[in-house]
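*Asks:* Dropping a structure here in structure tokens format, bear with me for questions.
2 protein chains.
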Amino acid sequence: MTKQQLFEQITQKNSYLCVGLDTDIKKIPSHLLKEKDPIFEFNRQIIDATAQFAVAYKPNIAFYEALGAKGWESLQKTIEYIPEECFTIADAKRGDIGNTSSLYARTFFDKSSSGLDFDSVTVAPYMGSDSVIPFLEFEGKWVILLALTSNDGGDDFQQLLVNSEESEIKNLYQQVILTSQKWADSERMMYVVGATKADKLLKIREIAPEHFLLVPGIGAQGGSLEEVSKYGMNKQCGLLVNSSRAIIYASSGDDFAKVAAQEAQLVQEEMAKYLQMYL
Amino acid sequence: MTKQQLFEQITQKNSYLCVGLDTDIKKIPSHLLKEKDPIFEFNRQIIDATAQFAVAYKPNIAFYEALGAKGWESLQKTIEYIPEECFTIADAKRGDIGNTSSLYARTFFDKSSSGLDFDSVTVAPYMGSDSVIPFLEFEGKWVILLALTSNDGGDDFQQLLVNSEESEIKNLYQQVILTSQKWADSERMMYVVGATKADKLLKIREIAPEHFLLVPGIGAQGGSLEEVSKYGMNKQCGLLVNSSRAIIYASSGDDFAKVAAQEAQLVQEEMAKYLQMYL
Numbered sequence: 005m006t007k008q009q010l011f012e013q014i015t016q017k018n019s020y021l022c023v024g025l026d027t028d029i030k031k032i033p034s035h036l037l038k039e040k041d042p043i044f045e046f047n048r049q050i051i052d053a054t055a056q057f058a059v060a061y062k063p064n065i066a067f068y069e070a071l072g073a074k075g076w077e078s079l080q081k082t083i084e085y086i087p088e089e090c091f092t093i094a095d096a097k098r099g100d101i102g103n104t105s106s107l108y109a110r111t112f113f114d115k116s117s118s119g120l121d122f123d124s125v126t127v128a129p130y131m132g133s134d135s136v137i138p139f140l141e142f143e144g145k146w147v148i149l150l151a152l153t154s155n156d157g158g159d160d161f162q163q164l165l166v167n168s169e170e171s172e173i174k175n176l177y178q179q180v181i182l183t184s185q186k187w188a189d190s191e192r193m194m195y196v197v198g199a200t201k202a203d204k205l206l207k208i209r210e211i212a213p214e215h216f217l218l219v220p221g222i223g224a225q226g227g228s229l230e231e232v233s234k235y236g237m238n239k240q241c242g243l244l245v246n247s248s249r250a251i252i253y254a255s256s257g258d259d260f261a262k263v264a265a266q267e268a269q270l271v272q273e274e275m276a277k278y279l280q281m282y283l
Numbered sequence: 005m006t007k008q009q010l011f012e013q014i015t016q017k018n019s020y021l022c023v024g025l026d027t028d029i030k031k032i033p034s035h036l037l038k039e040k041d042p043i044f045e046f047n048r049q050i051i052d053a054t055a056q057f058a059v060a061y062k063p064n065i066a067f068y069e070a071l072g073a074k075g076w077e078s079l080q081k082t083i084e085y086i087p088e089e090c091f092t093i094a095d096a097k098r099g100d101i102g103n104t105s106s107l108y109a110r111t112f113f114d115k116s117s118s119g120l121d122f123d124s125v126t127v128a129p130y131m132g133s134d135s136v137i138p139f140l141e142f143e144g145k146w147v148i149l150l151a152l153t154s155n156d157g158g159d160d161f162q163q164l165l166v167n168s169e170e171s172e173i174k175n176l177y178q179q180v181i182l183t184s185q186k187w188a189d190s191e192r193m194m195y196v197v198g199a200t201k202a203d204k205l206l207k208i209r210e211i212a213p214e215h216f217l218l219v220p221g222i223g224a225q226g227g228s229l230e231e232v233s234k235y236g237m238n239k240q241c242g243l244l245v246n247s248s249r250a251i252i253y254a255s256s257g258d259d260f261a262k263v264a265a266q267e268a269q270l271v272q273e274e275m276a277k278y279l280q281m282y283l
């Protein structure tokens, strides 16, 4: 999917919502456990219920591989089921030396090898250029590079001040954004940005004005979505805001899909407002 | 497996060789392709041929997941087949926020969930403490944290000079080693160190004298194994030196297992010499 196609979908649906499919066998409604593939059945119903409000889906790969071969089968069925127009993200945080990253790219992008055909994959930057570039060799596919994450440990290394060749002192996450722009432009690369604070978003938009940012961890409501939208949005929206648990586990009863749709719609309506205000 | 048990195996076998199972369906001898599970059949014969010369096996997870669910089945059979006394490494380079890392830990350590039961997993440090600690919650299991890698892109970020709280300026990889020692000691954590040069190994041994180092990318012969052994060895050996392609693909004919054994033995004999010289 091209950046332009993604933007068109955003304007059509008036939404930049990404639904995170962090599907945990221990958390899905119990009546699904009698199904042959409960994980896929849960995802199928969530996708049916939310596809009109969401522009992207992001299966968190850990949840599938924790179930071994069976989990990979559920993942394969899920990715096949997601409507063509939706952008798909393998949230896998992969990254290794060149020939190994090539195989990870094959895993998520080459259907003839693994059965999977995602639009994008999240990649960890620590091993540098040749750990990322193999993912870019698949035409039309995207790398979403970890830049700034909002978890407790995110500050351990990402906020360290680094002295780069260009002499100006920056935080490591800023250096990651700057260096990686040599590998691909905003048509092929996005950044994971856990920032919900204005100052960080402004800093990132200074050095990556055109890129899409994947923002995880926003709940169904609240000021943080407004803050992200106000300070993070660019002329092509430039935001995919993810919500996982607040949508998919909004109800644990038989009505889980209906309630998920309601939650997704609430977020979409808020997003429609911000698109009008800040685009 | 405890550090002491690993050391005992090293002294018994006179070896600190780790055989990397980077098993590629495109590279294995063609006569194996008629087998029901060619990947497992290749691994089985390699393991039988090399187990007396190797103390560890390291399946590179990318090679298995690139084949989807089928690949995970081959991986499961392989890990079950590796002799009990050998240390097993899931070379997966995982790392994510806390609840997701918990699921990755379950993937590689909890046989009842995924079918896999590795002794250790390689983890990427970029997301910090809570991306690593969940792996340590499995008793008796190890984290092998990426520190310094020798790939082309390794220098992009790992060599950056950082200003940490403790004021002294260090390279990022040194900071990773220092910070991560707050999370676990040398009984539970090892480091991936691609260094083959004396100066880097000496720097690392200054700040991590007791830890095991997993050193990838050493060929069957040559000065580099000597350099690693001379400058990297500590009182409990403290080294696992990996060789993948130079052993498993030493022959592409029917005799692949026999030739792999010969190559593994050559490395083992060189290691026996260094154990006598430097331990």
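Chains as they are written, first to last, in my numbering: chain X, 5 to 283; chain D, 5 to 283.
Where a beta carbon is used, it is the ideal one built from N, C-alpha and C, also for glycine.
Whose CA, out of D:LEU25, D:THR27, D:LEU10, lies closest to the CA of SER19 (chain D)?
*Replies:* As a first step, residue 19 (chain D) must be located in the second sequence, where it is residue number 15. Closest option to SER19 (chain D), Cα to Cα, is D:LEU10.
*Asks:* Taking CB distances under 8 Å as the criterion, tell me whether MET131 (chain D) reaches chain X.
*Replies:* Taking the second sequence and counting its residues from 1, the one referred to as residue 131 (chain D) is at position 127. So yes, MET131 (chain D) belongs to the interface.
*Asks:* Along the chain, which unbroken stretches of the alpha helix (DSSP H) at least 4 residues long are found entirely within the segment 191-275 of chain X?
*Replies:* 202-211, 227-236, 249-252
*Asks:* I need the straight-line Cα distance from LYS97 (chain D) to TYR108 (chain X), nearest angstrom please.
*Replies:* As a working note, residue 97 (chain D) is residue 93 in the second sequence. As a working note, residue 108 (chain X) is residue 104 in the first sequence. Using only the alpha carbons, I get a separation of about 11 Å.
*Asks:* Cβ of ALA199 (chain D) less than 8 Å from any chain X Cβ?
*Replies:* The count along the second sequence starts at 1 and reaches residue 199 (chain D) at position 195. False, the Cβ-Cβ gap to chain X never drops below 8 Å.
*Asks:* Give the straight-line distance between the Cα atoms of ALA66 (chain X) and SER168 (chain X), rounded to the nearest whole angstrom.
*Replies:* Counting from one through the first sequence, the residue named residue 66 (chain X) turns up at place 62. Counting from one through the first sequence, the residue named residue 168 (chain X) turns up at place 164. Each residue's alpha carbon lies about 34 Å from the other.
*Asks:* Judging by CA-CA distance, which residue of D:ILE86, D:ILE101, D:ALA250 is the nearest neighbour of TYR130 (chain D)?
*Replies:* Against the second sequence, residue 130 (chain D) aligns to sequence position 126. Cα-wise, what sits closest to TYR130 (chain D) is D:ILE101.
*Asks:* Closest Cβ-Cβ distance between LEU165 (chain X) and chain D: below 8 Å?
*Replies:* Taking the first sequence and counting its residues from 1, one reaches residue 165 (chain X) at position 161. LEU165 (chain X) counts as touching chain D.
*Asks:* For SER202 (chain X), count neighbouring C-beta atoms within 10 Å of its own C-beta (all shown protein chains included) and say buried if the count is 16 or more, exposed if not.
*Replies:* In the first sequence, counting from the first residue as 1, residue 202 (chain X) sits at position 198. Here the sequence assigns Ala to residue 202 (chain X), which means Ser is not the residue at that position. Exposed, since its Cβ has fewer than 16 Cβ neighbours within 10 Å.
*Asks:* Should GLU88 (chain D) be labelled buried (16 or more other beta-carbon atoms within 10 Å of its own) or exposed?
*Replies:* In the second sequence, the residue the question calls residue 88 (chain D) occupies position 84. Flag for GLU88 (chain D) reads exposed.
*Asks:* Could you tell me which uninterrupted beta strand (DSSP E) segments, each at least 3 residues in length, are contained entirely in the segment 101-157 of chain X, listed from first to last along the chain?
*Replies:* 124-127, 146-152
*Asks:* I'd like to know whether the C-beta of GLN225 (chain X) is nearer than 8 Å to at least one C-beta of chain D.
*Replies:* To locate residue 225 (chain X), count along the first sequence from 1; it is residue 221. Interpretation of GLN225 (chain X) is limited by its pLDDT of 40, a score under 50 that renders its predicted location unreliable; the figure taken from the coordinates is listed afterwards. For GLN225 (chain X), the answer is no, since every Cβ of chain D falls outside 8 Å of its Cβ.
*Asks:* Just checking, does the segment 119-130 of chain X make contact with the segment 148-156 of chain X on the three C-beta pairs under 8 Å criterion?
*Replies:* yes
*Asks:* How many Å lie between THR6 (chain X) and VAL23 (chain X) at the Cα?
*Replies:* As a first step, residue 6 (chain X) must be located in the first sequence, where it is residue number 2. As a first step, residue 23 (chain X) must be located in the first sequence, where it is residue number 19. About 20 Å.
*Asks:* Output, in sequence order along the chain, the residues in the segment 47-59 of chain X whose CB is closer than 7 Å to any CB in chain D.
*Replies:* Sequence-ordered contacts of the segment 47-59 of chain X with chain D are nonexistent [C-beta pairs closer than 7 Å].
*Asks:* The alpha helix (DSSP H) that contains VAL59 (chain X), what's its start and end?
*Replies:* Walking along the first sequence from the start, residue 59 (chain X) turns up at place 55. Careful: VAL59 (chain X) lies outside any alpha helix (DSSP H) and carries neither H nor E.
*Asks:* Closer than 8 Å, Cβ to Cβ, to anything on chain D: give me those residues from the segment 227-246 of chain X, in chain order.
*Replies:* none
*Asks:* I need the boundaries of the beta strand (DSSP E) containing LYS97 (chain D), first residue and last residue.
*Replies:* Working through the second sequence from its first residue, we reach residue 97 (chain D) at position 93. Looking at the DSSP string, the run of the beta strand (DSSP E) that includes LYS97 (chain D) is 91-98.
*Asks:* Just confirm the distance between the C-beta atoms of SER78 (chain D) and TYR68 (chain D), as a whole number of angstroms; I'd bet it's less than 8 Å.
*Replies:* To locate residue 78 (chain D), count along the second sequence from 1; it is residue 74. To locate residue 68 (chain D), count along the second sequence from 1; it is residue 64. Contact holds; Cβ gap of about 6 Å.
*Asks:* Please list, in chain order, the chain D residues whose beta carbon lies closer than 7 Å to that of THR104 (chain X).
*Replies:* Your numbering for residue 104 (chain X) matches position 100 in the first sequence. Result: ASN64, ALA66.
*Asks:* With a threshold of 6 Å on Cβ separation, who are the neighbours of TYR235 (chain D) within its own chain once the five nearest residues in sequence on each side are excluded?
*Replies:* Translated into positions along the second sequence, residue 235 (chain D) becomes position 231. Around TYR235 (chain D): ALA202, LEU205, LEU206.
*Asks:* Name, in chain order, the residues that DSSP records as bridge partners for ASN18 (chain X).
*Replies:* The sequence position of residue 18 (chain X) within the first sequence is 14, counting from 1. According to DSSP, ASN18 (chain X) bridges with nothing at all.
*Asks:* Distance, Cα to Cα, LYS30 (chain D) vs ALA58 (chain D)?
*Replies:* Numbered from 1 along the second sequence, position 26 holds the residue referred to as residue 30 (chain D). Numbered from 1 along the second sequence, position 54 holds the residue referred to as residue 58 (chain D). Taking the straight line joining both Cα atoms gives about 25 Å.
*Asks:* For GLY337 (chain D), I'd like the list of residues in its chain whose CB is within less than 6 Å of its CB, leaving aside the five on either flank, ordered along the chain.
*Replies:* Given that chain D is displayed from residue 5 to residue 283, the structure contains no residue 337 (chain D) and the question cannot be resolved.
*Asks:* Within 10 angstroms of its Cβ, does GLY72 (chain X) collect 16 or more other Cβ (buried), or is it exposed?
*Replies:* Mapped onto the first sequence, residue 72 (chain X) falls at position 68. The residue is buried, with at least 16 neighbouring Cβ atoms inside 10 Å.
*Asks:* On a Cα-Cα basis, can you pick out the residue from X:GLU45, X:ALA276, X:LYS174 that is closest to HIS35 (chain X)?
*Replies:* Here residue 35 (chain X) corresponds to residue number 31 of the first sequence, with the count starting at 1. Out of X:GLU45, X:ALA276, X:LYS174, X:GLU45 has the C-alpha closest to the C-alpha of HIS35 (chain X).
*Asks:* Run down chain D in chain order and give the residues with a C-beta less than 7 Å from the C-beta of ASP156 (chain X).
*Replies:* Stepping through the first sequence from its first residue, residue 156 (chain X) is reached at position 152. Under the 7 Å cutoff, chain D gives SER133, ASP134.
*Asks:* Would GLY24 (chain X) pass as an interface residue toward chain D - the criterion being a Cβ-Cβ separation below 8 Å?
*Replies:* Translated into the one-based positions of the first sequence, residue 24 (chain X) becomes position 20. Not closer than 8 Å to any Cβ of chain D, the Cβ of GLY24 (chain X) fails to qualify, so no.
*Asks:* Between the Cα of LEU182 (chain X) and the Cα atoms of D:ASP121, D:PHE260, D:PHE139, D:ASP160, which residue gives the shortest distance?
*Replies:* Within the first sequence, the letter at position 178 stands for residue 182 (chain X). Comparing Cα positions, the closest option is D:ASP160.
*Asks:* Within 10 angstroms of the Cβ of ILE173 (chain D), are there 16 or more other Cβ atoms? Answer buried if so, exposed if not.
*Replies:* The sequence position of residue 173 (chain D) within the second sequence is 169, counting from 1. Counting Cβ neighbours within 10 Å, ILE173 (chain D) comes out exposed, since fewer than 16 surround it.
*Asks:* Which bits of chain D does ARG110 (chain X) rub up against, with CB to CB less than 8 Å?
*Replies:* What you label residue 110 (chain X) is simply residue 106 of the first sequence in a count that begins at 1. By Cβ distance, chain D contributes ALA70.
*Asks:* Starting from ILE83 (chain D), follow the alpha helix (DSSP H) in both directions and report where the run begins and ends.
*Replies:* Against the second sequence, residue 83 (chain D) aligns to sequence position 79. Per DSSP, ILE83 (chain D) belongs to the alpha helix (DSSP H) from 73-85.
*Asks:* Using three-state DSSP, classify PHE51 (chain D) as helix, strand or coil.
*Replies:* Within the second sequence, the letter at position 47 stands for residue 51 (chain D). Before going further, note that residue 51 (chain D) is Ile rather than Phe in the sequence given. In this structure, DSSP gives ILE51 (chain D) a helical state, which the three-state scheme calls helix.
*Asks:* Please decide whether ALA73 (chain X) counts as near chain D, where near means a Cβ-Cβ distance under 8 Å.
*Replies:* The sequence position of residue 73 (chain X) within the first sequence is 69, counting from 1. For ALA73 (chain X), the answer is yes, since a Cβ of chain D falls inside 8 Å of its Cβ.
*Asks:* Nearest CA to the CA of PRO138 (chain X): which residue from D:TYR253, D:ALA261, D:GLY157?
*Replies:* As a first step, residue 138 (chain X) is located in the first sequence; it is residue number 134 there, counting from the start. Per the Cα distances, D:GLY157.
*Asks:* Determine, using beta carbons only, whether ILE211 (chain D) comes closer than 8 Å to chain X.
*Replies:* Within the second sequence, the letter at position 207 stands for residue 211 (chain D). For ILE211 (chain D), the nearest beta carbon of chain X is not closer than 8 Å to its own beta carbon.
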